[in-house]
Each structure stands twice: as C-alpha cells, then as structure tokens.
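Student: Once you've had a glance at the structure underneath, I'll fire off some questions.
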Amino acid sequence: MAIRQPVVSVLGHVDHGKTKLLDRIRGTSVQAREAGAITQHIGATEVPIEHIYKVCKQLIGNKKFDVPGLLFIDTPGHHSFITLRARGGSLADIAVLVIDIREGLMPQTIESIRILRQYKTPFVIALNKIDTIEGWISEEGRPFILSEKQQQAHTLQVFNDKLYTVIAQLSEEGIFADRYDRIDDFTKNVALVPMSAKEGEGVPDLLLVLIGLAQRFLESRLEKGEGPGKGTILEIKEEKGLGKTLDMILYSGTIKKGDMVALGTRGAPVVTKVKAILKPKPLDEIRDPRDRFDSVPVLHAAAGVKISCQNVDGVIAGAPMLVVKNEKDPAIKSLQEESTVKIETTENGISIKADAVGSLEALAFEAKANNIPIRKYGVGEITRRDIVEAAYGDKKNCVLLGFNATLSKDAEAELALHPELKVITNQIVYKLIEDYVEWVDETKRQAEGDKRAEFSFPAKFKILPNCIFRASKPAIVGVRVLAGRIRPGENLIGPDGRDCGRIKSIHTGEDTLKEAVQGEEVAVGIEGVTAGRQINEEDVIYVDLIGSSIKPLKEMDLNEDEKMALEETIAIKRKDEPFWGM
20 MAIRQPVVSV LGHVDHGKTK LLDRIRGTSV QAREAGAITQ HIGATEVPIE
70 HIYKVCKQLI GNKKFDVPGL LFIDTPGHHS FITLRARGGS LADIAVLVID
120 IREGLMPQTI ESIRILRQYK TPFVIALNKI DTIEGWISEE GRPFILSEKQ
170 QQAHTLQVFN DKLYTVIAQL SEEGIFADRY DRIDDFTKNV ALVPMSAKEG
220 EGVPDLLLVL IGLAQRFLES RLEKGEGPGK GTILEIKEEK GLGKTLDMIL
270 YSGTIKKGDM VALGTRGAPV VTKVKAILKP KPLDEIRDPR DRFDSVPVLH
320 AAAGVKISCQ NVDGVIAGAP MLVVKNEKDP AIKSLQEEST VKIETTENGI
370 SIKADAVGSL EALAFEAKAN NIPIRKYGVG EITRRDIVEA AYGDKKNCVL
420 LGFNATLSKD AEAELALHPE LKVITNQIVY KLIEDYVEWV DETKRQAEGD
470 KRAEFSFPAK FKILPNCIFR ASKPAIVGVR VLAGRIRPGE NLIGPDGRDC
520 GRIKSIHTGE DTLKEAVQGE EVAVGIEGVT AGRQINEEDV IYVDLIGSSI
570 KPLKEMDLNE DEKMALEETI AIKRKDEPFW GM
C-alpha cells in the first residue's frame, strides 16, 4: 500500500530558530516578513521527496525512499502542537525539537519535551546555531558530517563541549540522545543533528534522518487510506473573493470539491459543503504564498490545504474536520466525541481553564501528575461565571488556573469582589503548575504562622556561662536558643517543672526583638526570678505550654528539634499531671 507524507511539527524555545529552520528547508523567506522574527501564525509546508533527494544527494547518492515527502507544520512552539490534535492524540507523526547549542535547554524546551512524551510523539533534535561557535568554518547547505571534517581541532573541542553539555541536560529530563551518526538503535536513543538554520549546514542530515525514521518506524501509521477525509483546522481566515476560509491539514483519506464536511466547534459540529479546495504549490507555505493557489477537484492526505465553505461561524482552530455523507451521518457523533474533553473531576478541587481543547488536556494531565484535584474545567477566555464558580468552596480550593487563557473585562471586575480567590495564569503549563504549588506552600506557611501566633511554641534555650548581666527585676541573661522560638510574654519552666519566670524582653545589641529563633544568641530579660537562685548559668529552660495547644502543635510541620522540645515539655508536665495535654 502507498504511504503518505509524515506530518512534522517544529517545537523549541523562543528565538532558538524554529521559523529560520523552516525558511531554510523551503527556500522562502517568510520569517523576514514577520514582526520580531517570531512565528505569528500557524502554517504548513509540503517538501516533496524530489527536493529532499536534491538537498541530500551528498549523503544518499541515488538511494530512493517510499515516503513521498514531508509536510511541515510551522507552529509557534509547543502550544500549537497541543492545540492541533488528531485521533485524540497529536496531529504530528514526528517532531523536530530545535535547541540553541549556546543556550541549551530553556523553559519552553523542557515544556516541549514533556508534551512530546505525553503525546508519545517521536522526535529528532536539531542542535541549531553551530555557526556561532568561535572559529567555525561554514559552507552554505553542506551536510554536517562533511562540515565537521573542515574544522580546526580547537573549534571541534568547543563544539564537543557544548554538545555534551546539551546531552547531559537532556539526560536530566530522561532523554538519552546522541549524534545521529553515532546511534545504532534509534528506538533507544533520540537522534541529535548539529546544524545551522542560518547557513543551511546540517539541514541535509536533518531531512535524511526524518525521512529515514519515517520509512523505518512510521510506515503502518502512514498507510494511505482512500476513506473519507479527516483533518485538523489550523486557522480561520477571511480571503478576498472567497470569504471565510479554513486552513487545515488533511492527515487521512480524501476530500473532494462538493463534499459535505462536519467541522468541530465549542458546541455541536457544523455540517457544510466544500465550495473549493485550494492547494499550495510544493515548497510554498499556506499563510504566505508567493504565487496563487492551485484549485483542485480532489485532495489526498497528507496535505496542507485551504478550503472554502459556507456557514463556518463558530469553527475553532484545532478542531477536527471530517468528510460525511449528510447531516445525519453517524460519524458526526464520533467527531463531537473527539472534540469533547474527558477530564476526571471531584467535588473538592480547583478550577482550570485553557484557550483550546489540547491545552486543557495538557493542563489536566500535569494536574493529575501532581495530584491536584479538579472540580471544574473549560475552554476559552476566563469569564465572570468562571470567577463566581471558582470562588465557591473551601479556601485551599478557591483557585483558578489559566493556561494561555486571558480574563475578560467582566471577569476582572468580578475578581475584585472575591479576594478569597487566587487566579494564576501562565503560557507554559509546567510553570503554571509550579506557580500553583509555590502558592500552596506559601499559603500553608502563612496559615502556620497565624497558628504560631495564637499560642506559645515549643522552645528551649540555654543560659550561657559568664552571661548573667543583671540578677533581678528583671534578671538579664545571655542565652542560646536550642529549639523553636521564644517571644516576650511567654512563661518559663525548668526541666524539673519549677517556675522559671516570664520573658519580659529580648535584645541583641541595642535592638529590641519580637522573637528569637533556633541558633540565635540573645540577651533575655526574665521577670519573677533571681539569677543565682531560681536560674543559673548552663541551665536549660523551656517555654511553658498550655494543654489545649498540644494537639494543634502536633499537627504542624515542626522540625526535629521542635518535635524534641515538645516531647520534653510534655514529659516535664506529665510528672505532676499524667494526662496533661491529652
């Protein structure tokens, strides 16, 4: 059976060279016309096998492949990767992870790795910007394995140092990678291709690795079916003379002019008729074509295509497209199910919101991995209703996490009325989870601090030798805090349970302190005792506790020294009262 082109997604940290790499592959200069040289829209580029033969001739000679080419999705990083779905998984058959050899792994690189693993998408690493290594001699379009032979020894040393730094960083993320030309088993190691998108060095190697891996490991996935067309919508655009059009990737089957198609929305699917199929010419890019599109009567997967349809209001990027027989086709139900997110919820949990179905799934996946319960979820911007619903419940669950989701003006106004609600947003999903965990920890610390202020804390201190500065009214002695914290107003007892007075003040130098903590040496004013009688040098003195405080103290996150001080205090008190603190 014939096979289709694999769909290739390009991911990586901002400015590491994703769009520059695609520019080099297709020989156009889309990036030069984009603001800030950062990908602004989603596009697709078909690279036919004839072009790959030409580029890779020095590496493969006259070798031929069954794979008819590569279809690149030009995504702005990991976010579009998870937004564009197919069959409940990733639209991409294989991915290229671009890493700047100078910077190594960055937050969005790590994010991309986690998402690729979540979706079980095979990937190749493009180690970009080798031309920036001091002394590197570049030649446009030269394969890396030939370019390496032209470098000086000291340049190769610098290159290898940077290469192995990146390999070590990848291993910390559980990715075992090596140069593609040193790998024997591609099922156990991720291929790493050193390259320069700017000069085109290493691009032949990258294309060869992609084609080779697709041919060897993806053949069954790429088998070309002649059934109804299935696709994923990239973008909805207004085109002069055509009205609203849909940029999409056809990843399976066939679509014809005049076909009925079901399109995913946030609600029930829309069923409409295909008026025109506009296919970009090979090596031309959907969102920025240099020439006119070719109008075609029929299209086979896989291809980036623009279709013109009526009634496409409500259709969203990332939604599925399916060729159907009519409006009652049972396949429409399966399409609706594919568009529906299934997330496990509980009565006591937080709320989550994301800008797209795939984003929501990624956030729910990370939340589950971190044992974060979910009560409510949704797709789209954060609304007033989301705020009202999220603010309901106990304090620890009054949280709304937004992944790439913005607040509407009504939501911002409503949020001002709910100081008990914490809204956390981020464009990187694992950073969002980290922010939430940090907030939970800080909230616990504050709550514990409030509890600590309610009653005395287990603590003990030692009176230092030669540090009795005043005998009485009050006695002033130098002490070292051995455990816990001491504060003015706390009553004191000795190891035998005797009354040792009350802390009147704490000083260090000329400064008066509100408390002294474990490890600090301070001067303490103690009223109700006389130094040399009730208290002496080298004495260990304990803070006197009340019995009702023991249970909440045991529930707190005490350190080992505080726990020991608490147990010692309980033992002292129970000498006279066996059931004290129970």
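Residue numbers in the sequence shown follow my numbering, run continuously in steps of one, and reach 601 at the last position. Yeah, the Cβ is synthetic: ideal placement off N, Cα and C, and Gly gets one too. None of the values given here were measured: they were computed from a predicted structure.
(1) Express the C-alpha separation of I252 and G446 in angstroms, rounding to a whole number.
(2) Since L297 sits in a beta bridge, which residues does DSSP pair it with?
(3) Of all the options I565, V562 and R403, which has the alpha carbon lying nearest to the alpha carbon of L436?
(4) Taking G503 and V562 to be in contact with their CB atoms under 8 Å, please state how far apart those CB atoms are, rounded to whole angstroms.
(5) Beta carbon of L232, beta carbon of V143: below 9 Å?
(6) Just list the residues that DSSP pairs S524 with in beta bridges.
(7) In terms of residue numbering, what span does the beta strand (DSSP E) encompassing R403 cover?
(8) Nearest CA to the CA of T64: which residue from I92, P141 and I79?
(9) What's the gap between the Cα of A424 and the Cα of K372?
(10) How many angstroms separate the CA atom of P95 from the CA atom of D580?
(11) Based on Cα-Cα distance, which residue from T462, D313, E167 and A386 lies nearest to Y449?
(12) Any idea what DSSP makes of S370, helix, strand or coil?
(13) Can you give me the C-alpha to C-alpha distance between Y396 and L379, rounded to a whole angstrom?
(14) What are the boundary residues of the beta strand (DSSP E) that S475 is part of?
(15) Does DSSP put N416 in a helix, in a strand, or in coil?
(16) Thinking K181 and I120 are a contact (beta carbons under 8 Å), I'd like their distance in whole angstroms, please.
(17) Between which two residues does the beta strand (DSSP E) harbouring I152 extend?
(18) Helix, strand or coil for A172, going by three-state DSSP, please let me know.
(19) Whose C-beta lies closer than 6 Å to the C-beta of G538 among residues of the same chain, with five residues either side of it excluded?
(20) Cα-Cα, which of L420, R517 and I22 is closest to R552?
(21) Just tell me which of V376, P126 and I156 has its CA closest to the CA of V398.
(22) If you scan the region 245 to 293 from start to end, which runs of the beta strand (DSSP E) of 3 or more residues do you find wholly inside it?
(23) Using DSSP bridges, identify the partner residues of E242.
(24) Closer than 6 Å by C-beta to A655: which residues in its own chain qualify, once you throw out the five before and the five after it? Chain order, please.
(25) Just the Cα atoms here: how many angstroms apart are R593 and W599?
(26) Pull up the distance between the alpha-carbon of K325 and that of I274, whole angstroms please.
(27) Counting Cβ pairs, one atom from each stretch, are 3 or more of them under 8 Å apart for the region 258 to 278 and the region 167 to 174?
(28) Expressed to the nearest angstrom, what Euclidean distance is found between the alpha-carbon atoms of D202 and F163?
(29) Using DSSP with H/G/I as helix, E/B as strand and the rest coil, what is N485?
(30) Taking the beta carbon of E239 as the centre, do at least 16 other beta carbons fall within 10 Å, making it buried, or is it exposed?
(31) Name the DSSP beta bridge partners of I560, please?
(32) Would you identify the three-state DSSP class for K361, choosing helix, strand or coil?
(33) Return the residue from the list T588, G513 and E509 that minimises the CA-CA distance to E534.
(34) Classify S210 as buried or exposed, calling it buried when 16 or more other Cβ atoms lie within 10 Å of its own Cβ.
(35) If contact is defined by three or more beta carbon pairs under 8 Å, each pair taking one atom from either stretch, is the region 30 to 45 in contact with the region 187 to 197?
(36) Indicate whether I152 and S166 have their beta-carbon atoms separated by less than 9 Å.
Tutor: From the atom records:
(1) Note that residue 446 is Gln in the sequence shown here, rather than Gly. The straight-line gap from Cα to Cα measures roughly 22 Å.
(2) For L297, the pairing in a beta bridge is given by DSSP as S314 and K325.
(3) Comparing Cα-Cα distances from L436 to each of I565, V562 and R403, the minimum goes to R403.
(4) Between the beta-carbon of G503 and that of V562 there is about 7 Å, and that keeps the pair under the 8 Å contact cut.
(5) Yes, they are a contact pair.
(6) For S524, the pairing in a beta bridge is given by DSSP as G544.
(7) No beta strand (DSSP E) holds R403; the alpha helix (DSSP H) holding it covers R403 to A409.
(8) Measuring from the Cα of T64, the nearest candidate turns out to be I92.
(9) About 7 Å.
(10) Model confidence at P95 stands at a pLDDT of 46, short of 50, so the residue's coordinates are unreliable; what they give is reported in the following sentence. Each residue's Cα considered, the two are about 52 Å apart.
(11) When each option's Cα is compared against that of Y449, the closest is A386.
(12) Strand at S370.
(13) One Cα belongs to Y396, the other to L379, and the distance between them is close to 8 Å.
(14) No residue range can be given for S475, since it is assigned to no beta strand (DSSP E) and is classified by DSSP as neither H nor E.
(15) In the structure shown, the three-state DSSP call for N416 is helix.
(16) Contact check for K181 and I120: beta-carbon distance about 5 Å, within the 8 Å limit, so the pair qualifies.
(17) Counting along the chain, I152 falls outside any beta strand (DSSP E), and DSSP gives it neither H nor E.
(18) The answer is helix: DSSP assigns A172 an H, G or I state.
(19) The beta carbon of G538 lies closer than 6 Å to none in the same chain, with the five residues before and after it left out.
(20) Nearest C-alpha to R552: R517.
(21) It is V376 whose Cα lies nearest to the Cα of V398.
(22) Listed in chain order, they are 249 to 258, 262 to 271, 273 to 275 and 279 to 282.
(23) The bridge partners DSSP lists for E242 are I22.
(24) Not covered by the structure: residue 655. The range shown for the chain is 20 to 601.
(25) Each residue's alpha carbon lies about 6 Å from the other.
(26) Our two residues, K325 and I274, have alpha carbons roughly 12 Å apart in a direct line.
(27) By the Cβ criterion, the region 258 to 278 is not in contact with the region 167 to 174, since fewer than three pairs of Cβ atoms, one from each stretch, lie closer than 8 Å.
(28) In the sequence as presented, Asp is not what sits at residue 202; that position holds Ile. Just so you know, the alpha carbons of I202 and F163 end up roughly 15 Å apart.
(29) In the structure shown, N485 sits in a strand (DSSP, three-state: E or B).
(30) In the sequence on display, residue 239 carries Ser and not Glu. Exposed.
(31) Answer by DSSP bridge pairing, in chain order: F480.
(32) In the structure shown, K361 sits in coil (DSSP, three-state: anything other than H, G, I, E or B).
(33) Looking from the CA of E534, the closest CA among T588, G513 and E509 belongs to E509.
(34) Before going on, a small fix: residue 210 reads as Ala here, not Ser. Buried.
(35) No, the region 187 to 197 is not in contact with the region 30 to 45.
(36) The Cβ-Cβ distance between I152 and S166 does not fall below 9 Å.
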